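Enquirer:
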Amino acid sequence: MNVLYSLLLVLALVVIPLIGAGALGWHTLFGVIIPVFAVLVFVAGFIYRVMDWGRSAVPFRIPTTGGQQQTLSWIKPSKLDNPTTTAGTVGRMALEILLFRSLFRNTRTQLTQGPKLSYGSSKWLWLGAIAFHYSFFIILARHMRFFTEPVPLPFEWLDKLDGILQIGVPTLYMTEFVILAALAYLFLRRVVVPQLRYISLPADYFPLFLILAIVISGVLMRYFIRTDIMDIKTLTMGLATLNFTVPENIGVIFYIHVFLVAALLVYFPMSKLMHSGGVFLSPTRNLANNNRMKRHINPWNHPVKTHPYEEWEDEYREQLKEAGLPVEKE
Amino acid sequence: MSKLPAADTLAASIEYTPPRTPWMEVPAEFRPGVYSYPANPKNLKILDFPNPRQWAPEDDDWKLPENWQEIIYEGFQERLHKYRSLKVFMDVCVRCGACADKCHYFIGSGDPKNMPVLRAELLRSVYRRDFTMVGKILKSLSGSRELTVDVIKEWFMYFYQCSECRRCSLFCPYGIDTAEITMMGRELLNLLGLNINWIMEPVANCFKVGNHLGIPPHTFKDIVEFMCEDIEDITGIKIDPPMNKKGAEILFVTPSGDYFADPGTYTFMGYLMLFHELGLDYTMSAYASEGGNFGLFTSAEAMKRLNAKIYAEAKRLGVKWILGGECGHMWRVINQYMDTMNGPADFMDVPRNPLTGTVFSNARSTKMVHITEFTADLIKNKILNLDPGRNDHLKVTYHDSCNPARAMGLLEEPRYVIQNVCNNFYEMPEQTIREQTFCCGSGSGLNNEEFMEMRLRGGMPRANAVKHVHEKYGVNMLSCICAIDRAALPPLMQYWVPGVDVTGVHELVANALVMRGEKERETDLRGEPLPGKEG
Chain V
1 MNVLYSLLLV LALVVIPLIG AGALGWHTLF GVIIPVFAVL VFVAGFIYRV
51 MDWGRSAVPF RIPTTGGQQQ TLSWIKPSKL DNPTTTAGTV GRMALEILLF
101 RSLFRNTRTQ LTQGPKLSYG SSKWLWLGAI AFHYSFFIIL ARHMRFFTEP
151 VPLPFEWLDK LDGILQIGVP TLYMTEFVIL AALAYLFLRR VVVPQLRYIS
201 LPADYFPLFL ILAIVISGVL MRYFIRTDIM DIKTLTMGLA TLNFTVPENI
251 GVIFYIHVFL VAALLVYFPM SKLMHSGGVF LSPTRNLANN NRMKRHINPW
301 NHPVKTHPYE EWEDEYREQL KEAGLPVEKE
Chain W
1 MSKLPAADTL AASIEYTPPR TPWMEVPAEF RPGVYSYPAN PKNLKILDFP
51 NPRQWAPEDD DWKLPENWQE IIYEGFQERL HKYRSLKVFM DVCVRCGACA
101 DKCHYFIGSG DPKNMPVLRA ELLRSVYRRD FTMVGKILKS LSGSRELTVD
151 VIKEWFMYFY QCSECRRCSL FCPYGIDTAE ITMMGRELLN LLGLNINWIM
201 EPVANCFKVG NHLGIPPHTF KDIVEFMCED IEDITGIKID PPMNKKGAEI
251 LFVTPSGDYF ADPGTYTFMG YLMLFHELGL DYTMSAYASE GGNFGLFTSA
301 EAMKRLNAKI YAEAKRLGVK WILGGECGHM WRVINQYMDT MNGPADFMDV
351 PRNPLTGTVF SNARSTKMVH ITEFTADLIK NKILNLDPGR NDHLKVTYHD
401 SCNPARAMGL LEEPRYVIQN VCNNFYEMPE QTIREQTFCC GSGSGLNNEE
451 FMEMRLRGGM PRANAVKHVH EKYGVNMLSC ICAIDRAALP PLMQYWVPGV
501 DVTGVHELVA NALVMRGEKE RETDLRGEPL PGKEG
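Chain order of the listed sequences is V and W. Residues in the first sequence are numbered from 1 upward in steps of one, following the working numbering. Residues in the second sequence are numbered from 1 upward in steps of one, following the working numbering.
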């Protein structure tokens with residue numbers, strides 16, 4: 001059911017521009033107003049969410065330590081998995097954010113007769129996640145050529161690199177295959193693995209379908225339902241320079257693609273996709289394990305009721321004396 | 001325990017495929033063996049905790065305060081503001097499932113709500129409805145739900161089926177730490193007076209008397225004297241450990257489990273023998289007679305209240321630094337909370353080993369050193385006269401306790417010590433040790449008798465790894481640096497791997513330690529004949 005809801009929701013998101021920009025011809029609404037609105041919502045929403053997290057206190061320094069601590073000079077500490085310095089912590093975060101270090105540790109538990117438990121290496125999720133995120137990133141960067149004139153060299157290079165196989169006209173991008181395969185894998189494991197199916201919410205399927213729909217509409221536009229790319233660039237440059245223009249002959253497929261992207265941008269800040277911002281703020285990763293070296297301050301460290309020694313001695317004075325233990329007051 | 005099936009039957013009955021019914025529609029089922037008994041009201045009264053009363057999880061009516069929903073809502077709100085960890089962890093989970101099979105309770109029970117992701121969803125589902133816009137608009141489509149009494153019952157079940165071991169957080173791509181989620185869940189439950197006696201009694205005892213077991217000062221002294229008699233019988237050396245001594249250089253603090261029951265007592269004897277041999281200027285305290293801190297399993301406030309004693313006593317006695325014994329969660333508190341909560345400890349010096357001159361600059365702020373750091377330094381500097389042959393009847397493996405491993409990174413020090421006092425040391429498989437270590441199944445205050453079925457289930461991954469080295473190398477001794485381990489691992493071994501005993505590291509040290517003026521030892525600390533002295 002969760003799968004079906006999400007799929008229907010994404011199909012509805014396809015139908016809206018199909019009618020609005022296609023049948024009704026509201027090109028300015030779908031080409032300018034909605035995209036600009038979506039970008040504003042995304043930027044404001046993203047900033048709001050991160051600042052909202054930032055408003056909450058970090059009372060304790062609680063890194064999950066993944067290696068040897070720094071102690072005696074002759075014991076080699078694990079500088080990245082158990083950092084004590086800022087540099088080490090930045091390194092740990094970089095590994096986490098750029099290479100998905102923790103996911104790379106993944107194992108698969110198997111229980112067999114005996115009983116015997118074994119923990120096999122399991123890197124598929126890591127591979128799928130890396131493939132998805134990096135191809136998404138490259139595709140995003142490639143699209144910058146629609147918003148820049150002249151196109152800066154790095155974007156040109158990325159475009160060339162992505163099409164390096166030189167197959168077909170226009171040249172096929174590798175990332176399109178990679179992201180489709182990765183999305184298919186990420187979806188299939190959710191429906192095939194029983195535990196994952198059990199924990200998956202519509203909020204897990206919906207973004208997968210939405211991004212899939214964005215990729216498919218993009219692929220259709222590039223290879224099958226062609227529409228004039230110069231007209232598109234005129235429109236997108238208009239968006240980038242706030243000098244809005246809506247050329248007449250842009251196909252409805254473009255408006256579908258843009259509307260889906262707009263939906264993703266609006267959905268992003270209120271969804272689990274905010275993990276992209278949250279990963280930077282995770283207190284088990286972004287703090288050094290140097291508590292015994294440097295005191296961490298808790299902004300709300302209020303006083304608590306304790307049982308001071310004096311009271312305790314009052315309660316046990318006779319027994320203390322009898323046992324020959326020293327007391328403060330006779 | 002008698003009701004439990006044989007080990008292999010139990011293992012064969014574990015089913016990892018979840019049921020067809022969605023988890024929100026499966027109510028928590030309280031049957032003997034999977035939950036802990038509620039706190040005795042007298043313990044809550046000692047601590048001024050809310051809603052002290054008699055109640056039972058199997059009852060329909062849990063006698064919650066009338067405005068319980070409001071209490072939870074406000075408590076949640078407050079904690080979202082006080083803990084960024086909670087707020088971020090509520091928001092960023094993508095349910096990738098990497099954590100699912102990392103939890104020992106899931107591995108041993110197959111209950112899907114023991115998958116860390118679902119344990120957190122128990123809170124998240126309520127969070128979404130009350131604290132997010134999407135949840136308010138989309139209702140159940142966003143995975144949110146009403147806060148009902150059944151939800152509270154589910155929280156009680158599963159936040160007391162988590163040992164806060166942090167293994168899942170190691171594998172989480174965002175570092176979501178279920179220990180943190182469970183701690184928040186338990187804090188919220190505590191607001192309604194929902195807590196377990198195995199935690200609240202130690203907290204009340206520790207607050208009032210000085211240690212979890214409620215051992216009063218004169219009895220503490222008697223116990224120590226009794227152990228000294230045993231030491232004299234075995235070594236011929238008379239020890240008189242100082243207690244509440246002002247002006248000592250070092251305050252020694254260890255969990256009360258170490259002086260209460262076997263095999264922890266042998267470890268305690270090991271400390272005393274080591275300190276005597278070194279001529280260390282130290283003292284114990286009958287007031288701060290507890291290193292462990294079951295407050296950690298209750299609330300940040302309870303933890304702070306209990307922990308305050310250690311610095312207060314160090315100040316009163318005028319010591320220069322503090323040495324801490326072998327304990328797991330105690331060291332999570334010392335490493336990650338103590339200085340922040342009850343510091344600064346600016347009235348003490350940076351710890352310095354008086355025998356080697358080594359300055360423990362890693363503890364320069366907290367001023368507290370772990371005993372295996374201390375002993376490793378002694379061994380490295382060849383201060384100790386050791387005869388590892390005395391441990392030759394043992395084939396030893398080492399269980400990393402969760403907290404020293406994943407909330408500290410104390411991995412090499414105990415291994416270095418063990419390998420210098422034992423000739424036969426074998427590691428368990430790498431996915432079950434060091435930072436990937438498995439919980440004993442009884443951590444975070446769950447080492448009570450009535451919870452035995454879940455303890456044995458949760459301990460299965462640890463026991464299975466021991467079984468591997470038991471069968472492969474003949475390992476017969478499981479060493480550890482945690483008092484809860486020393487209490488919890490023996491029944492676990494008995495059930496899954498008969499023939500393996502449990503020891504603290506300093507018991508092994510004391511057996512190998514050749515003390516000046518000692519008589520020829522016939523037995524180890526347990527009274528078992530030493531190798532070559534049999535029959």
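Don't be surprised by glycine CBs; every beta carbon is placed ideally from N, CA and C. Since the structure is predicted, the reported quantities are computational estimates derived from the model, not experimental observations.
Output the residue ranges of the beta strand (DSSP E) runs that lie fully inside the stretch 399-455 of chain W and measure 3 residues or longer, sorted by chain position.
Expert: Segments of the beta strand (DSSP E) lying fully in the stretch 399-455 of chain W: there are none.
Enquirer: Suppose you measure from the CA of tyrosine 267 of chain V to the CA of arginine 462 of chain W; what does that come to, to the nearest Å?
Expert: Position 267 of the first sequence holds residue 267 of chain V. Position 462 of the second sequence holds residue 462 of chain W. Computed Cα separation, rounded: 43 Å.
Enquirer: Find the nearest neighbour of glycine 278 of chain V within the set W:Ser85, W:Trp68, W:Pro41 and W:Asp281, judged by alpha-carbon distance.
Expert: Residue mapping note: residue 278 of chain V aligns to position 278 of the first sequence, counting from 1. Nearest C-alpha to glycine 278 of chain V: W:Ser85.
Enquirer: Quick check on methionine 408 of chain W: buried or exposed, where buried means 16 or more other Cβ atoms within 10 Å of its Cβ?
Expert: One-based indexing of the second sequence puts residue 408 of chain W at position 408. With 16 or more Cβ atoms within 10 Å of its Cβ, methionine 408 of chain W is classed as buried.
Enquirer: Got a sec? Which residues, its chain only, sit under 6 Å from methionine 274 of chain V by beta carbon, not counting five neighbours each side?
Expert: Residue 274 of chain V sits at position 274 when you count from the first residue of the first sequence. So the qualifying residues of the chain are Arg49.
Enquirer: Apart from the five residues just before and just after asparagine 289 of chain V, which ones in its own chain have a Cβ nearer than 7 Å to its Cβ?
Expert: What you label residue 289 of chain V is simply residue 289 of the first sequence in a count that begins at 1. Excluding sequence neighbours, asparagine 289 of chain V sits near Pro63, Thr65, Gln69, Asn82, Pro83 and Thr84.
Enquirer: Where do the N-terminal and C-terminal ends of the alpha helix (DSSP H) with aspartate 91 of chain W fall, by residue?
Expert: As a first step, residue 91 of chain W is located in the second sequence; it is residue number 91 there, counting from the start. Per DSSP, aspartate 91 of chain W belongs to the alpha helix (DSSP H) from 84-92.
Enquirer: Consult DSSP for aspartate 501 of chain W and reduce its assignment to one of helix, strand or coil.
Expert: To locate residue 501 of chain W, count along the second sequence from 1; it is residue 501. Looking at aspartate 501 of chain W - three-state DSSP - the assignment turns out to be strand.
Enquirer: Answer yes or no: do cysteine 103 of chain W and cysteine 402 of chain W have a C-beta to C-beta separation smaller than 8 Å?
Expert: Your numbering for residue 103 of chain W matches position 103 in the second sequence. Your numbering for residue 402 of chain W matches position 402 in the second sequence. Not closer than 8 Å, so no.
Enquirer: Report, in whole angstroms, the separation of the C-beta atoms of leucine 274 of chain W and valine 509 of chain W, which I expect to be a contact under 8 Å.
Expert: Taking the first residue of the second sequence as 1, we reach residue 274 of chain W at position 274. Taking the first residue of the second sequence as 1, we reach residue 509 of chain W at position 509. Confirmed, Cβ separation roughly 6 Å.
Enquirer: Which runs of the beta strand (DSSP E) at least 3 residues long sit entirely within the stretch 306-356 of chain W? Give them in chain order.
Expert: With a minimum length of 3 residues, the continuous beta strand (DSSP E) runs that stay inside the stretch 306-356 of chain W are 321-324.
Enquirer: Going by the CB atoms, is the gap between valine 41 of chain V and valine 191 of chain V shorter than 8 Å?
Expert: On the first sequence, position 191 is the one that residue 191 of chain V refers to. On the first sequence, position 41 is the one that residue 41 of chain V refers to. Result no, Cβ atoms of valine 191 of chain V and valine 41 of chain V do not sit closer than 8 Å.
Enquirer: What residue range does the alpha helix (DSSP H) around tyrosine 316 of chain V cover?
Expert: For the purposes of this step, residue 316 of chain V is identified with residue 316 of the first sequence, where counting begins at 1. Start and end: 309-322.
Enquirer: Assign methionine 1 of chain W to one of two classes, buried (16 or more other C-beta atoms within 10 Å of its C-beta) or exposed (fewer than that).
Expert: Looking up residue 1 of chain W in the second sequence gives position 1. Its pLDDT being 46, under 50, methionine 1 of chain W is placed unreliably by the model, and nothing is read from it.
Enquirer: Taking the alpha helix (DSSP H) that histidine 470 of chain W belongs to, which residues open and close that run?
Expert: Walking along the second sequence from the start, residue 470 of chain W turns up at place 470. First-last of the alpha helix (DSSP H) with histidine 470 of chain W: 460-473.
Enquirer: Could you tell me the boundaries of the beta strand (DSSP E) in which valine 58 of chain V lies?
Expert: To locate residue 58 of chain V, count along the first sequence from 1; it is residue 58. Valine 58 of chain V -> no beta strand (DSSP E), and no H or E assigned at all.
Enquirer: Can you find a CB in chain W that lies within less than 8 Å of the CB of threonine 28 of chain V?
Expert: Position 28 of the first sequence holds residue 28 of chain V. So, not an interface residue.
Enquirer: Mapping the DSSP letters down to three states, classify valine 10 of chain V as helix, strand or coil.
Expert: Sequence index remark: in the first sequence, residue 10 of chain V carries index 10 (1-based). Looking at valine 10 of chain V - three-state DSSP - the assignment turns out to be helix.
Enquirer: Quick one: list the residues of chain B neighbouring tyrosine 5 of chain V, beta-carbon separation under 7 Å, in chain order.
Expert: Looking for chain B here will not work: the only protein chains present are V and W.
Enquirer: May I have the straight-line CA-CA distance separating leucine 140 of chain V from tyrosine 134 of chain V, to the nearest angstrom?
Expert: Position 140 of the first sequence, counted from the first residue, corresponds to residue 140 of chain V. Position 134 of the first sequence, counted from the first residue, corresponds to residue 134 of chain V. Cα to Cα, the separation comes out at about 10 Å.
Enquirer: Quick one: is methionine 133 of chain W buried, meaning 16 or more other Cβ sit within 10 Å of its Cβ, or exposed?
Expert: In the second sequence, residue 133 of chain W corresponds to position 133, counting from 1. Exposed is the call here.
Enquirer: Please report the residue range of the beta strand (DSSP E) in which tyrosine 119 of chain V lies.
Expert: Stepping through the first sequence from its first residue, residue 119 of chain V is reached at position 119. Start and end: 116-121.
Enquirer: Could you check which residue in W:Thr437, W:Ala376, W:Met460 and W:Ser479 has the C-alpha nearest to that of phenylalanine 425 of chain W?
Expert: The residue you call residue 425 of chain W lines up with position 425 of the second sequence. Cα-wise, what sits closest to phenylalanine 425 of chain W is W:Ser479.
Enquirer: For a contact meaning CB atoms closer than 7 Å, what does cysteine 542 of chain W contact in chain V?
Expert: There is no way to answer for residue 542 of chain W, as the model of chain W reaches only from 1 to 535.
Enquirer: List the DSSP bridge partners of glycine 282 of chain W.
Expert: As a working note, residue 282 of chain W is residue 282 in the second sequence. Checking the displayed sequence, the identity of residue 282 of chain W turns out to be tyrosine instead of glycine. Looking at the DSSP assignment, tyrosine 282 of chain W forms a beta bridge with W:Ile250.
Enquirer: Compile a chain-ordered list of the residues in the stretch 173-202 of chain W whose CB is closer than 8 Å to at least one CB of chain V.
Expert: Result list: Pro173, Tyr174, Gly175, Ile176, Asp177 and Glu180.
Enquirer: Quick one: complete alpha helix (DSSP H) runs, 4+ long, within the stretch 66-112 of chain V?
Expert: Whole alpha helix (DSSP H) segments, 4+ residues: 86-99 and 101-104.
Enquirer: What's the gap between the Cα of cysteine 96 of chain W and the Cα of leucine 384 of chain W?
Expert: As a first step, residue 96 of chain W must be located in the second sequence, where it is residue number 96. As a first step, residue 384 of chain W must be located in the second sequence, where it is residue number 384. Distance between the alpha carbons of cysteine 96 of chain W and leucine 384 of chain W: 51 Å.
Enquirer: Pull up the distance between the alpha-carbon of glutamate 412 of chain W and that of asparagine 244 of chain W, whole angstroms please.
Expert: If you number the second sequence from 1, residue 412 of chain W lands on position 412. If you number the second sequence from 1, residue 244 of chain W lands on position 244. Going from the Cα of glutamate 412 of chain W to the Cα of asparagine 244 of chain W covers about 32 Å.
Enquirer: Please identify, using Cβ separations under 8 Å, the residues of the stretch 200-216 of chain V that lie next to chain W, in order along the chain.
Expert: Going along the stretch 200-216 of chain V in chain order, one finds Ser200, Leu201, Pro202, Ala203 and Asp204 with a Cβ nearer than 8 Å to chain W.
Enquirer: When DSSP labels each residue in this structure, what does methionine 1 of chain W get in the three-state scheme?
Expert: On the second sequence, residue 1 of chain W is found 1 positions in, with the first residue counted as 1. A caution first: methionine 1 of chain W carries a pLDDT of 46, below 50, which makes its placement in the model too unreliable to give a value.
Enquirer: Using the Cα positions of leucine 306 of chain W and glutamate 449 of chain W, report the straight-line distance between them to the nearest angstrom.
Expert: Counted from its first residue, the second sequence places residue 306 of chain W at position 306. Counted from its first residue, the second sequence places residue 449 of chain W at position 449. Their backbone Cα atoms lie some 25 Å apart in a straight line.
Enquirer: Would valine 34 of chain W pass as a contact of methionine 454 of chain W if the rule is Cβ separation under 8 Å?
Expert: Position 34 of the second sequence holds residue 34 of chain W. Position 454 of the second sequence holds residue 454 of chain W. Cβ distance < 8 Å, so valine 34 of chain W and methionine 454 of chain W count as in contact.
Enquirer: State the start and end residues of the unbroken beta strand (DSSP E) segment that holds leucine 478 of chain W.
Expert: On the second sequence, position 478 is the one that residue 478 of chain W refers to. Note, leucine 478 of chain W: beta strand (DSSP E), 477-480.
Enquirer: For proline 121 of chain V, count neighbouring Cβ atoms within 10 angstroms of its own Cβ and tell me buried if that reaches 16, exposed if not.
Expert: For this step, residue 121 of chain V is matched to residue 121 along the first sequence. The amino acid occupying residue 121 of chain V in the given sequence is serine; proline does not appear at that position. Looking at its Cβ environment, which holds fewer than 16 other Cβ atoms inside 10 Å, serine 121 of chain V is exposed.
Enquirer: Would you say arginine 364 of chain W faces chain V, with C-beta separation under 8 Å as the test?
Expert: Numbered from its first residue, the second sequence carries residue 364 of chain W at position 364. Arginine 364 of chain W counts as touching chain V.
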